[in-house]
Amino acid sequence: MANGTPTASAKFFPAYKAPAAEHLEQGDLIAKTDAIQSIIKIVHPYYLKSDYTHFIVLTQSCDLVRRKREACKSRYITLAAVRPLSLVIQREIESYQDEFDKAGMVCSKKHRFELIQFLQRLHNFNEPEFFYLHSESNLDFPDPHCAFLRLSVSIKSSLHYDACLQARILSLNDVYQAKLGWRVGDMYSRVGTEDWVPGVESSDDFEKRISKLLDGACKWEDDKRLTHAKTNLPADVLQNGVEAVRKHISDMRMTNPLEEVIDAVISQLKKLSKIENDEDAVRIGNRLRNDPVMSRLRKLVG
C-alpha cells in the first residue's frame with residue numbers, strides 16, 4: 006500500500022473499510038503515487054494538476070477479481086478524479102456570484118440556505134455528479150474530498166493493475182460501493198446509505214459542520230448591502246483584491262428605510278415645484294423626521 010496497509014481492526018469513517026489484500030474493488034481510493042502519475046501522464050496529463058489529489062475506482066468489483074493471479078475480467082480500470090471538498094464548495098458558491106462578489110469572495114445571504122441544502126445532499130451521498138469522501142485521520146487523507154464522477158479516465162488492467170493496488174489507501178464498504186455503482190450506472194433504484202443525522206452526528210453538530218464549511222469559503226453579506234456597494238463602486242476597487250472589496254462593502258453607509266421614504270417625498274415635491282431650494286428641502290426633511298408617525302415607524306424598523 007502507498008501509505009502502509011491498514012489492519013482490519015482499524016476504526017474508519019462509516020463509509021470505509023480496510024482494503025481487501027488481493028484485488029481491487031469499486032470505490033478503492035487510489036493515492037497519486039509516482040507510478041500513478043507516470044500512467045496519468047500518458048493517458049490524460051491534464052489530471053496531473055495539483056488539485057487532482059487522488060483517484061477512485063469506478064469499475065465493478067466483480068470485474069476486478071484476479072483468480073489465481075490471472076488477469077481480471079475487465080480489460081480496463083476506470084478511475085474518477087478526486088478533488089478537495091473546498092473546491093466543490095467554491096464552485097457552487099460561484100454559481101451565485103457576479104464579478105464583484107468573486108473579487109471580494111463574498112456572497113449574498115439569500116443564497117446561503119440553497120448552499121446548505123447542497124452540502125447536506127453532498128454529505129448524504131445524494132448529489133448526482135459527486136461522491137463525498139470524508140477525511141480519514143488514520144491514513145494520509147486529512148481533508149474531506151469529492152469524487153468528480155464525470156471526470157474519469159480508463160487505463161489498461163493488464164498493465165496498470167498492480168500500480169493501482171499498491172497505491173490504494175482505502176476502500177468503500179459494501180453498501181457505499183453499491184451507492185457509488187448506482188451513481189455511476191444511473192440506476193433508478195435508491196441505495197439506502199445512512200444519513201449523517203443521526204448516523205454520524207447529531208442534527209446540531211451537522212448544522213455546525215455545514216455552517217463552518219460555508220463560513221470558511223467566503224464572507225456572507227446582506228443582499229441589500231451588496232447591491233448598494235455595487236451601485237456605488239469606485240473604478241479601482243475590483244483590481245485591488247479581496248480586502249479592498251470587503252472594505253468597500255463594510256464602509257458603505259446604509260440608508261435607513263425611513264430616510265429613503267423622506268428622500269422620495271422630497272424628490273416628488275421638487276418635481277412638483279413645491280420646494281424651491283435646498284434649505285426648504287432640509288427643513289421639510291427635518292419636520293418629517295420629527296413627525297410622531299415617523300417616530301413610531303422608526304421604532305418598528307429599528
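In our numbering, the protein residues as written are 6 to 307.
Beta carbons: idealized from backbone N, C-alpha and C, even for Gly.
Predicted model, so just to flag it, every value in this text is computed and none were measured.
In the structure shown, the three-state DSSP call for residue 176 is strand. Nearest in C-alpha terms to residue 112, of all of 97, 124, 122, 296, is 97. Segment contact: the region 22-35 against the region 175-189, three or more CB-CB distances shorter than 8 Å; contact assigned. Excluding sequence positions up to five before and after residue 186, its CB lies within less than 7 Å of the CB of 31, 65, all in the same chain and listed in chain order. Between residue 49 and residue 189, the C-beta spacing is not below 7 Å. In this structure residue 76 is exposed. Its beta-carbon is surrounded by fewer than 16 other beta-carbon atoms within 10 angstroms. DSSP places residue 232 inside the alpha helix (DSSP H), whose first and last residues are 228-236. Here the region 101-110 does not lie against the region 161-174, with fewer than 3 beta-carbon pairs under 8 Å apart. Following the DSSP letters along the chain, one finds residue 156 inside the beta strand (DSSP E) bounded by residues 150-161. The three-state reading of DSSP puts residue 18 in coil, since its state is none of H, G, I, E or B.
Every beta strand (DSSP E) stretch that sits fully inside the region 81-115 and reaches 3 residues is listed by chain position as 81-89, 111-113. In the structure shown, residue 279 adopts coil according to DSSP, grouped into three states. Straight-line measurement puts the Cα of residue 252 at about 45 Å from the Cα of residue 39. Every beta strand (DSSP E) of 3 residues or more that sits fully in the region 20-79 is shown, in chain order, as 34-36, 59-62. For residue 202, the closest alpha carbon among the candidates 284, 281, 289, 126 is that of 126.
In this structure, the CA atom of residue 42 is about 7 Å from the CA atom of residue 53. In the displayed model, residue 138 falls within a strand according to three-state DSSP. If the five residues before and after residue 227 are omitted, its C-beta is found closer than 8 Å to the C-beta atoms of 113, 114, all from its own chain and listed in chain order. Here residue 146 carries a strand assignment [DSSP, helix/strand/coil]. Taking C-beta atoms as the reference points, residue 153 and residue 222 fail to come closer than 7 Å. Here residue 51 is exposed. Its C-beta has fewer than 16 other C-beta atoms within 10 Å.
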